[in-house]
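Colleague:
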Amino acid sequence: MYDHSISVEDRAEITELYARYCQYAYLCDVEKCAGCFAEDGVFSPSLGPGA
Numbered sequence: 105m106y107d108h109s110i111s112v113e114d115r116a117e118i119t120e121l122y123a124r125y126c127q128y129a130y131l132c133d134v135e136k137c138a139g140c141f142a143e144d145g146v147f148s149p150s151l152g153p154g155a
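The sequence shown begins at 105 in our numbering and counts up one residue at a time.
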């Protein structure tokens, strides 16, 4: 079952993070996408079968 006890503030922060991530993904700004999850985040795409 789901725990719906998340605070309003936490829910707002998560929503804002998701919005930033989606905007950066739409703009193909991979460095900012990675930065949503870690200040020194790096995007390393995999190519080929099974990627």
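Even for Gly, the Cβ is constructed at its ideal location relative to N, Cα and C.
All figures in this text were calculated on a predicted structure; none of them were measured in a lab.
Does A138 come within less than 7 Å of chain B when only Cβ atoms are used?
Modeller: Reference to chain B is not applicable here, since this structure consists of a single protein chain.
Colleague: Anyone know if the C-beta pair for Y130 and K136 falls short of 7 Å?
Modeller: Here residue 130 is taken as the residue at index 26 of the sequence shown, counted from 1. Here residue 136 is taken as the residue at index 32 of the sequence shown, counted from 1. Against a cut-off of 7 Å, the Cβ pair of K136 and Y130 comes out as no contact.
Colleague: Got a sec, what are the start and stop residues for the alpha helix (DSSP H) C126 sits in?
Modeller: Numbered from its first residue, the sequence shown carries residue 126 at position 22. Counting along the chain, the alpha helix (DSSP H) containing C126 begins and ends at V112 to Y130.
Colleague: DSSP on C137, reduced to helix/strand/coil?
Modeller: Numbered from its first residue, the sequence shown carries residue 137 at position 33. C137: helix per DSSP, three-state reduction.
Colleague: Just tell me which of L151, S111, I118 and G152 has its CA closest to the CA of F141.
Modeller: For the purposes of this step, residue 141 is taken as the residue at position 37 of the sequence shown. Checking every option, the nearest Cα to that of F141 belongs to I118.
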